[in-house]
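So the protein sequences, as listed, match chains D and P.
Position one of the first sequence corresponds to residue 7 (my numbering), numbered consecutively onward.
Position one of the second sequence corresponds to residue 2 (my numbering), numbered consecutively onward.
Cβ coordinates follow ideal geometry from the N, Cα and C atoms, glycine included.
The model shown is predicted, which means the values in this text are computed figures rather than measured ones.
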Amino acid sequence: MNVNILEERTGQVYEKGQGPFSLKCNLDSLPGAVSQRACVFCGSRVVLYPITDALHLVHGPIGCAVYTWDIRGALSSNRELHRLSFSTDLRERDVIFGGEEKLEASLLELIERYMPSAAFVYSTCIVGIIGDDIQAVCKRVSQKTGVKCIPVQSEGFKGNKRAGYEAACNALIELVGSGPIDGISPFSINILGDFNLAGEIWIIKDYYRRMGIEVVSTITGDGKVKEIQRAHGARLNVVQCSGATLSLAKMMEERYGIPYIRVSYFGVDDMADALYRVADHFKDKRIMENTRSLIKEELDSLYPALKEFRKDLKGKRAAIYVGGAFKAFSLIKAFRLLGMKVVLVGSQTGTREDYEELEAVTDPGTVIVDDSNPLELSEFLKEKDVDIFVGGVKERPIAYKLGIGFCDHNHERKEALEGFIGMYNFAKEVHATVMSPVWRFVPRKEMRS
Amino acid sequence: MSGEYVSTTNACKLCTPIGACLAFRGIEGAVPFLHGSQGCATYMRRYIISHFGEPIDIASSSLGEKHAVFGGGPNLKQGIINVIKKYRPSLIGIATTCLTETIGDDVPMIMDEFKREFLHEGLGPILVHASTPSYQGTHMEGFRLATRVAVETVAGSRPREVAKKGLNVFPGFLSPQDIRYLKELSRDFELPMTILPDISQTLDAPILREYPKIPRGGTSIESIQGMASNCASVEFGFTVTDELSSAHFLEERFKVKAFRMGTPIGIRESDRFFAILEAISGRPTPPWHKDERDRLIDSMVDGHKYMFGKKVVVYGEEDLVTGITSFLAEIGARPVLCATGGKSGGLKEAIKKVTDGILDTMPHVVEDCDFWEIEGLSKELCPDLIMGHSKGYKIARALDVPLVRIGFPIHDRLGGQRILHIGYRGAQMLFDRVVNAIIGKRQRDSVVGYGYF
Ligand code: SF4
Ligand code: SF4
Chain D
7 MNVNILEERT GQVYEKGQGP FSLKCNLDSL PGAVSQRACV FCGSRVVLYP ITDALHLVHG
67 PIGCAVYTWD IRGALSSNRE LHRLSFSTDL RERDVIFGGE EKLEASLLEL IERYMPSAAF
127 VYSTCIVGII GDDIQAVCKR VSQKTGVKCI PVQSEGFKGN KRAGYEAACN ALIELVGSGP
187 IDGISPFSIN ILGDFNLAGE IWIIKDYYRR MGIEVVSTIT GDGKVKEIQR AHGARLNVVQ
247 CSGATLSLAK MMEERYGIPY IRVSYFGVDD MADALYRVAD HFKDKRIMEN TRSLIKEELD
307 SLYPALKEFR KDLKGKRAAI YVGGAFKAFS LIKAFRLLGM KVVLVGSQTG TREDYEELEA
367 VTDPGTVIVD DSNPLELSEF LKEKDVDIFV GGVKERPIAY KLGIGFCDHN HERKEALEGF
427 IGMYNFAKEV HATVMSPVWR FVPRKEMRS
Chain P
2 MSGEYVSTTN ACKLCTPIGA CLAFRGIEGA VPFLHGSQGC ATYMRRYIIS HFGEPIDIAS
62 SSLGEKHAVF GGGPNLKQGI INVIKKYRPS LIGIATTCLT ETIGDDVPMI MDEFKREFLH
122 EGLGPILVHA STPSYQGTHM EGFRLATRVA VETVAGSRPR EVAKKGLNVF PGFLSPQDIR
182 YLKELSRDFE LPMTILPDIS QTLDAPILRE YPKIPRGGTS IESIQGMASN CASVEFGFTV
242 TDELSSAHFL EERFKVKAFR MGTPIGIRES DRFFAILEAI SGRPTPPWHK DERDRLIDSM
302 VDGHKYMFGK KVVVYGEEDL VTGITSFLAE IGARPVLCAT GGKSGGLKEA IKKVTDGILD
362 TMPHVVEDCD FWEIEGLSKE LCPDLIMGHS KGYKIARALD VPLVRIGFPI HDRLGGQRIL
422 HIGYRGAQML FDRVVNAIIG KRQRDSVVGY GYF
């Protein structure tokens, strides 16, 4: 590999086939390296944000709230409180004398204005420094208003996004268990770790409905407080991807004895596998039959459509850089299905096990990277001569500035990529960017012709 | 909140360091550096990317919990070293965040230590520091401050040479297209300009064969060094305070004559700007610019009836709001609300100045407000048109009123970097867009569906 990497980061890059596998991860970001990572608060916000009927109040100076205002494609079937940005907008005086008073007044004001089903109060870096007791404030306001106020300990500097997932799960578990659970079917699940981007959870929910399974709550996509409060009545937690809600599943297993399975709804194999495993769990003949016919039906219409794309895409090269590594597995399979090769795969916050598994499923020559940065990524893209890069908004200009196609696979996306239909949409998007004639005009390609 | 609300809902401002980072991006070879935790830098990059469609590398000292307790100095130094290694910058613009301001890191002292420990005399990048806790001010204060500290650090260190015939221009936060227009004026008046910051290329860059570590363009260090010896400075923005004014600094310190004026949006303020250019260059306005002015007035006559009395809500940064309000008054529209999340305290006066003699009634002017308040007021005022960045779309949609997008951020349309706001040409483009928005709305609402107007 002929890529310029900061010395301290060399342990976080591995090229398959070059010596025995080893990759350092879960390190602090290197100062000055322009990490693509976010903060604890960001992690919590991602997880809790899609709860549509709760108030999400960011306690801190304005930035943390304003940069997360309505930036995700999490859709709602009823209220849309989550699309508003609430902040205590701390000023100098509050920083000096403490922000508790302002927090309490803000909470009271907003609860009166919106009558939310619950309120989440996120603490940000500065709150961690000035030491506001948000727990106490939440408790007081809960008592005063009858609206449950839940503190989220998400001070940004106390780790990376994954610590934020934990904080969010700790907040969620406070809701679970407080609702009535009578009348819930023995064939019932909670959907965890899906955020209803572009309406994806509705696609998945519909599959479960067709299988004859009751979805008690969706956590947190199109999330509603009342439903989450009943989540302990479900018989199985189906946890998707990234691990954002994994610790909630673990807590629920401990507390309520609800088992969980991990699945992914991206790509054909993983999607089908998810449904089969859920069906398997309930050991019910009818459900199994429904599942089989559902999958057959879906595939019968999907495969011919994919074939068309495959013709054009065969042999093209893809690079993947995502937040959590779990999603990368599904993406690798999805690209294979389209006849494409994955030559680079990386994540912001993958764990050791994640990377080991990635190493196992990738082809020789594939670069695996942890917590990368724009300069590094751009060099990999060039070196590996890729046709498409999959990532989030921050990765997009890296691809475009090199004249490389791009597919947005992050929380901002507006295309549903889950489910069988999602695989079709994904193929369509990949096709649209890879096959566009615009690339013939970019310098990288001009040079060759 | 102008007294009414405690909490902020959908803020109409950004935090201070993002403004500083944007300004540093307009200096050639510079890397913006946020001293704080990782999240802020990442959020800001995402926000900027969504508008410009350009990568923007903002380095961060990535403070963690232990640094918050023991101070971020070592991380800051390590971060600077890594940035130097990786980017070979000519300048590193360091902006603090709420976190590092609150834990009380003494950045100037850390920088001095760093220079002593690691930089041999005269070698390495210039280090510039802007103190930008976001609980003081908005992104505009950050933008102005970063500009000013760059001038203080780079230009302020040089003895004044014999006055040259160059002009310093401090445009404030305008679009890359606006900056390109200023450069065109510099050529046409044969008047060398040092425009600071200059984001015309750095935030609107071409696709290249090699991914540049730092995008090309920006104000060169050399030309900033020469600012003290230029003969005058022009600074746009009525609400810029003396402490934040770069022109003021150069005048006080080096006796460089300062022209501080409004952002040249609309006819009168553009006239003022062209008059200054004529005076300093000693040349008349080139005929093709006069032609642009003539065509603008011609089109204003063609379209005046559509605009007369139309009620408009304007929001955003104070100086942009002032300029747009001035323009709206000129074309016969009636600005009814001028709102900003900033609180310089000067907006009302600025609006008064630019509407005096044209408008009978002053628009409602609100500082330090959020979109919750703007929406409430808009519902009462029933505007025909809304002007501002894309975050007001929700209101426009709720009221079923067209939104003409200007300024930053524009996250829901392509081409925010190519919007021209200033000069006769900018006024022409604004005028066409505004009138067509009104006509389009009328056409959509009409039961007849006229195919001509
Ligand atoms: S902490 Fe301050 S600097 Fe960071 S995002 Fe929040 S407001 Fe901006
Ligand atoms: S201040 Fe802290 S919580 Fe807010 S964005 Fe920055 S790192 Fe995250």
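Counting only beta-carbon separations shorter than 9 Å, does residue i have a partner in chain P?
i: Lys164/D; result: yes
i: Asn176/D; result: no
i: Gly66/D; result: yes
i: Tyr361/D; result: no
i: Asp59/D; result: no
i: Ala438/D; result: no
i: Ala384/D; result: Contrary to the premise, residue 384/D reads as Ser rather than Ala in this sequence. Cβ-Cβ to chain P under 9 Å: yes for Ser384/D.
i: Gly124/D; result: Position check: residue 124/D holds Ala in this sequence, whereas Gly was assumed. No, because no Cβ of chain P sits closer than 9 Å to the Cβ of Ala124/D.
i: Ile394/D; result: no
Give the straight-line distance between the Cα atoms of residue i and residue j, rounded to the nearest whole angstrom.
i: Phe432/D; j: Ile410/D; result: 17 Å
i: Phe314/P; j: Phe432/P; result: The amino acid occupying residue 314/P in the given sequence is Val; Phe does not appear at that position. Computed Cα separation, rounded: 16 Å.
i: Lys434/D; j: Thr151/D; result: 49 Å
i: Met2/P; j: Lys344/P; result: Here the model assigns Met2/P a pLDDT of 39, short of 50, so the residue's position is not dependable and the matter cannot be decided.
i: Glu376/P; j: Ile396/P; result: 6 Å
i: Thr264/P; j: Val46/D; result: 40 Å
i: Ala71/D; j: Thr133/P; result: 17 Å
i: Glu472/P; j: Asp243/P; result: Residue 472/P is absent from the structure shown; chain P starts at 2 and stops at 454.
i: Thr286/P; j: Glu191/P; result: 11 Å
i: Phe426/D; j: Asp200/D; result: 16 Å
i: Ala237/D; j: Glu259/D; result: 12 Å
i: Asp446/P; j: Asn437/P; result: 14 Å
Between residue i and chain D, is there a C-beta pair that is closer than 9 Å?
i: Ser345/P; result: no
i: Thr9/P; result: yes
i: Met45/P; result: yes
i: Met2/P; result: Reliability fails at Met2/P, whose pLDDT of 39 lies under 50, so the model's placement of it is uncertain and the value that follows must be treated cautiously. It does: the Cβ of Met2/P has a partner Cβ on chain D nearer than 9 Å.
i: Cys99/P; result: yes
i: His68/P; result: yes
i: Gln137/P; result: yes
i: Lys14/P; result: yes
i: Gln91/P; result: Per the sequence shown, the amino acid found at residue 91/P is Ser instead of Gln. It does not: the Cβ of Ser91/P has no partner Cβ on chain D nearer than 9 Å.
i: Tyr425/P; result: no
i: Ile277/P; result: no
i: Pro336/P; result: no
i: Ala156/P; result: no
Starting from residue i, trace the beta strand (DSSP E) in both directions and tell me its first and last residue.
i: Asn169/P; result: 168 to 171
i: Val367/P; result: 365 to 367
i: Gln246/D; result: 242 to 246
i: Asp376/D; result: 373 to 376
Between which two residues does the alpha helix (DSSP H) holding residue i run?
i: Phe395/D; result: Counting along the chain, Phe395/D falls outside any alpha helix (DSSP H), though it belongs to the beta strand (DSSP E) covering 394 to 397.
i: Phe315/D; result: 291 to 319
i: Ile268/P; result: 268 to 282
i: Ala278/D; result: 274 to 288
i: Thr16/D; result: Segment: none, Thr16/D is in no alpha helix (DSSP H) and carries neither H nor E.
Please list, in chain order, the chain D residues whose beta carbon lies closer than 7 Å to that of residue i.
i: Leu128/P; result: In chain order: nothing, as chain D lies at least about 13 Å away.
i: Pro56/P; result: Pro380, Pro403, Ile404, Lys407
i: Ile81/P; result: Gly38
i: Ser391/P; result: Under the 7 Å cutoff, chain D gives no residues; its nearest Cβ is about 11 Å from Ser391/P.
What residues of chain P sit near residue i, judged by a beta carbon separation below 7 Å?
i: Ser112/D; result: Val7, Ser8
i: Asp34/D; result: Ser63, Gly65
Please compile the residues from chain P whose C-beta is within a distance smaller than 9 Å of the C-beta of residue i.
i: Ser129/D; result: Those within 9 Å of Ser129/D in chain P number zero; the least Cβ separation is about 13 Å.
Residue i touches chain P at which residues, Cβ-Cβ below 8 Å?
i: Gln42/D; result: Thr43
i: Thr16/D; result: Chain P residues near Thr16/D: none, gap ~13 Å exceeds 8 Å.
i: Cys48/D; result: Gly40, Thr43, Tyr44
Name the chain D residues whose beta carbon is nearer than 9 Å to that of residue i?
i: Ile439/P; result: Going along chain D, no residue has its Cβ under 9 Å from Ile439/P, so there is no contact; the nearest lies around 27 Å.
i: Thr103/P; result: Val101, Cys131, Ile132, Ile135, Ile136
At a threshold of 8 Å, does residue i count as lining ligand 4 (C-beta to nearest heavy atom)?
i: Tyr44/P; result: With respect to ligand 4, the structure shown offers nothing to examine, as its ligands consist of ligand 1 and ligand 2.
Point to revise | Heavy atoms of ligand 2 versus C-beta positions, residues under 5 Å | key: Residues with a Cβ closer than 5 Å to any heavy atom of ligand 2, in chain order: Cys45/D, Phe47/D, Cys70/D, Thr130/D, Cys131/D, Gly162/D, Ser38/P, Gly40/P, Cys41/P.
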